[in-house]
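J.: Numbering (the UniProt record's numbering), first residue to last: 1 to 419. Glycine included, each C-beta is placed from N, C-alpha and C at the ideal position. This one's a predicted model, so the numbers in the text were calculated from it and none came from an experiment. Structure in structure tokens, see below.
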Ligand code: LLP
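And the structure:
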């Protein structure tokens with residue numbers, strides 16, 4: 001289902017006209033569809049139901065508690081990469097026993113907090129981290145439930161900035177040293193070594209890299225078992241891509257088949273950490289056209305959203321479809337425009353020479369597929385308030401994060417007493 005659709009000449013989120021949200025809440029603002037999030041999650045749950053598998057929603061994709069809680073109620077656990085995310089997940093109602101803590105640079109303080117909370121699993125990314133986790137757990141009289149994240153040296157064929165499974169990436173334990181470190185982990189008193197993990201990248205559109213990574217984990221599992229070690233769990237990470245501009249993506253069923261054919265008969269408990277594929281197309285960024293400027297050689301549509309609200313185009317040259325809220329009429333005229341924000345950088349550019357129906361100041365536009373890595377990557381650059389977030393369910397909606405006020409933003413600075 002597409003939660004955003006035209007009806008009566010207007011774009012709606014489920015049964016709510018986006019124009020109404022813009023009038024009530026102001027722009028820019030993020031809008032999420034509860035039904036779409038639910039449907040995307042259920043797709044995973046249904047497809048994986050024949051396997052001993054559990055879904056840990058990757059909170060980094062969208063950490064609004066409304067989103068986490070929606071998924072928690074459906075049975076998802078949470079994959080977090082900082083104690084901040086852990087606190088959010090706990091506050092949103094995810095039990096500590098349903099939280100996985102991943103990330104390449106967990107601090108000792110973060111380990112203490114997670115051990116005290118009693119989380120489900122630590123995904124450890126290096127020998128150094130393993131030893132620190134061991135010491136920390138021992139000092140607290142605890143054992144840390146641990147899996148080792150392996151770097152399988154597989155090219156995920158995605159954007160370089162979001163590829164994580166190649167040998168030159170900072171992530172995971174090099175597969176050549178994995179057996180040795182796993183054996184060491186099994187001997188440490190503060191570590192309960194349970195299994196393996198991997199995550200090869202994000203926005204994957206091809207199943208082949210998954211297959212080779214999972215096959216390498218299966219081989220490693222057999223090797224470890226051959227030397228008398230126990231491997232009871234494999235965390236397969238996240239990464240399934242979404243269609244930003246009509247790309248063919250991986251179907252969840254094809255993914256499930258690849259999982260079954262590679263690690264399905266190892267008798268292990270399986271875990272997945274999807275983020276983007278659950279929330280990306282369940283959200284959009286609503287903005288208003290401030291001005292249309294005729295440049296010397298091109299036309300600029302200046303909107304009230306900017307790179308501080310949605311940084312993906314500036315950071316990854318990412319494409320987001322931009323739809324006028326008013327449905328295109330019979331006049332199917334399009335013109336090529338640059339869609340830009342008001343920030344003082346040329347990189348504050350959402351789209352270059354994009355064919356769009358003509359728009360005028362005051363018109364509303366939607367940046368589509370912005371539910372993942374949108375609001376979470378926002379900043380207050382140029383002292384712009386963080387955009388509010390709204391969740392729609394059927395014919396109703398609620399503001400799930402208000403716009404940051406100028407007072408809150410500016411009130412945090414302290415002028416030194418010597419001035
Ligand atoms: N697990 C681990 C260990 C991860 O590092 C990530 C994402 C995920 C799971 C979730 O991956 P997903 O299913 O969402 O692809 N800001 C970038 C994406 C960064 C992804 C970081 N890691 C973007 O806007 O494209």
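Under the DSSP definition of a beta bridge, which residues are partnered with residue 173?
T.: The sequence position of residue 173 within the chain shown is 173, counting from 1. Its beta-bridge partners are 150.
J.: Taking its Cβ as the centre, do 16 or more other Cβ atoms sit within 10 Å of residue 356, making it buried, or is it exposed?
T.: Sequence index remark: in the chain shown, residue 356 carries index 356 (1-based). Flag for residue 356 reads buried.
J.: Of all the beta strand (DSSP E) runs that stay within the bounds of the region 64 to 111, which reach a length of 3 or more residues?
T.: The qualifying runs are 77 to 80 and 99 to 101.
J.: Among the candidates 241, 92, 249 and 197, whose CA atom is the shortest distance from the CA of residue 220?
T.: Reading the chain shown from its first residue, position 220 is the one you call residue 220. With distances taken between Cα atoms, residue 220 lies closest to 197.
J.: Please name the residue or residues paired with residue 429 in a DSSP beta bridge.
T.: Outside the modelled stretch of the chain, which goes from 1 to 419, sits residue 429, for which no answer is possible.
J.: List in chain order: all unbroken beta strand (DSSP E) runs of 3+ residues lying wholly within the region 281 to 367.
T.: Within the region 281 to 367, the complete beta strand (DSSP E) runs of at least 3 residues are 283 to 294, 299 to 303, 322 to 324, 335 to 340, 349 to 356 and 364 to 367.
J.: Could you check whether the Cβ of residue 162 sits closer than 7 Å to any heavy atom belonging to the ligand LLP?
T.: Your numbering for residue 162 matches position 162 in the chain shown. Yes, since a heavy atom of the ligand LLP falls inside the 7 Å radius drawn around the Cβ of residue 162.
J.: Under 8 Å between C-beta atoms, does residue 248 make it to chain E?
T.: You won't find chain E in this structure, because it holds only one protein chain.
J.: Where does residue 125 sit, in a helix, a strand or coil, going by DSSP?
T.: Counting from one through the chain shown, the residue named residue 125 turns up at place 125. Coil.
J.: In three-state DSSP terms, what is residue 389?
T.: Along the chain shown, read from residue 1 onward, the residue named residue 389 stands at position 389. In this structure, residue 389 counts as strand in the three-state DSSP scheme.
J.: To which residues does DSSP link residue 235 through a beta bridge?
T.: As a working mapping, residue 235 is identified with position 235 in the chain shown. DSSP, once it has assigned bridges, lists 197 and 271 as partnering residue 235.
J.: Less than 8 Å between the beta carbons of residue 131 and residue 144, yes or no?
T.: Position 131 of the chain shown, counted from the first residue, corresponds to residue 131. Position 144 of the chain shown, counted from the first residue, corresponds to residue 144. No, they are not a contact pair.
J.: DSSP three-state label for residue 398, please.
T.: Position 398 of the chain shown holds residue 398. DSSP places residue 398 in strand when its eight states are reduced to three.
J.: How about residue 203: is its Cβ closer than 7 Å to a heavy atom in the ligand LLP?
T.: Translated into the one-based positions of the chain shown, residue 203 becomes position 203. Because some heavy atom of the ligand LLP lies under 7 Å away, the Cβ of residue 203 counts as near it: yes.
J.: With DSSP as the reference, please indicate the residues paired to residue 53 in a beta bridge.
T.: In the chain shown, counting from the first residue as 1, residue 53 sits at position 53. Its beta-bridge partners are 270.
J.: Ignore the nearest five residues each way along the sequence and tell me which others in residue 254's own chain have a CB closer than 6 Å to its CB.
T.: The sequence position of residue 254 within the chain shown is 254, counting from 1. Within the same chain, residue 254 has close Cβ partners 207.
J.: Measure the C-alpha to C-alpha separation of residue 363 and residue 349 and round it to an integer number of angstroms.
T.: Within the chain shown, numbered from 1, the residue matching residue 363 stands at position 363. Within the chain shown, numbered from 1, the residue matching residue 349 stands at position 349. Approximately 18 Å between the Cα atoms of the pair.
J.: Which residues share a DSSP beta bridge with residue 191?
T.: Stepping through the chain shown from its first residue, residue 191 is reached at position 191. Residue 191 is bridged to 144.
J.: Give the range of the alpha helix (DSSP H) segment to which residue 44 is assigned.
T.: One-based indexing of the chain shown puts residue 44 at position 44. Taken as a continuous stretch (DSSP letters only), the alpha helix (DSSP H) holding residue 44 covers 34 to 47.
J.: Below 7 Å, is the gap between the Cβ of residue 58 and the nearest heavy atom of the ligand LLP?
T.: Here residue 58 is taken as the residue at index 58 of the chain shown, counted from 1. True, at least one ligand heavy atom lies under 7 Å from that Cβ.
J.: Please go through the same chain and pick out, in chain order, the residues whose beta-carbon is closer than 6 Å to the beta-carbon of residue 381, but skip the five residues on each side of it.
T.: Residue 381 sits at position 381 when you count from the first residue of the chain shown. Cβ within range, chain order: 308.
J.: Can you confirm whether the region 71 to 85 touches the region 402 to 417 when touching is taken to mean that 3 or more C-beta pairs between the two stretches lie within less than 8 Å?
T.: No, the region 402 to 417 is not in contact with the region 71 to 85.
J.: For residue 2, is the classification buried or exposed, using 16 other Cβ atoms within 10 angstroms of its Cβ as the cut-off for buried?
T.: Here the question's residue 2 lines up with position 2 in the chain shown. Per the 10 Å Cβ criterion, exposed.
J.: DSSP beta-bridge partners for residue 378?
T.: Here residue 378 corresponds to residue number 378 of the chain shown, with the count starting at 1. BP columns for residue 378 are empty, so no partner.
J.: If you check the beta carbons only, do residue 187 and residue 239 fall under 8 Å apart?
T.: For the purposes of this step, residue 187 is taken as residue 187 along the chain shown, with counting starting at 1. For the purposes of this step, residue 239 is taken as residue 239 along the chain shown, with counting starting at 1. No; because the gap between Cβ atoms is not below 8 Å, this pair is not in contact.
J.: Thinking C-alpha only, which one of 327, 55, 413 and 358 is nearest residue 12?
T.: Position 12 of the chain shown, counted from the start, is the residue given in the question as residue 12. Answer by Cα proximity: 327.
J.: Is any heavy atom in the ligand LLP found nearer than 7 Å to the beta carbon of residue 79?
T.: Walking along the chain shown from the start, residue 79 turns up at place 79. Result yes, Cβ under 7 Å from the ligand LLP.
J.: Is residue 240 near the ligand LLP, with its Cβ less than 7 Å from a heavy atom?
T.: Walking along the chain shown from the start, residue 240 turns up at place 240. Yes, Cβ of residue 240 sits closer than 7 Å to a heavy atom of the ligand LLP.
J.: Use the C-beta contact count for residue 413: other C-beta atoms within 10 angstroms, 16 or more gives buried, fewer gives exposed.
T.: On the chain shown, position 413 is the one that residue 413 refers to. Burial call: exposed.
J.: Check whether the Cβ atoms of residue 43 and residue 252 sit closer than 8 Å, and answer yes or no.
T.: Looking up residue 43 in the chain shown gives position 43. Looking up residue 252 in the chain shown gives position 252. Cβ distance < 8 Å, so residue 43 and residue 252 count as in contact.
J.: Starting from residue 7, trace the alpha helix (DSSP H) both ways and give me its first and last residue.
T.: Residue 7 sits at position 7 when you count from the first residue of the chain shown. Note, residue 7: premise wrong, no alpha helix (DSSP H); beta strand (DSSP E) at 4 to 7.
J.: Tell me where the alpha helix (DSSP H) around residue 255 begins and ends.
T.: In the chain shown, residue 255 corresponds to position 255, counting from 1. 252 to 263 is the extent of the alpha helix (DSSP H) around residue 255.
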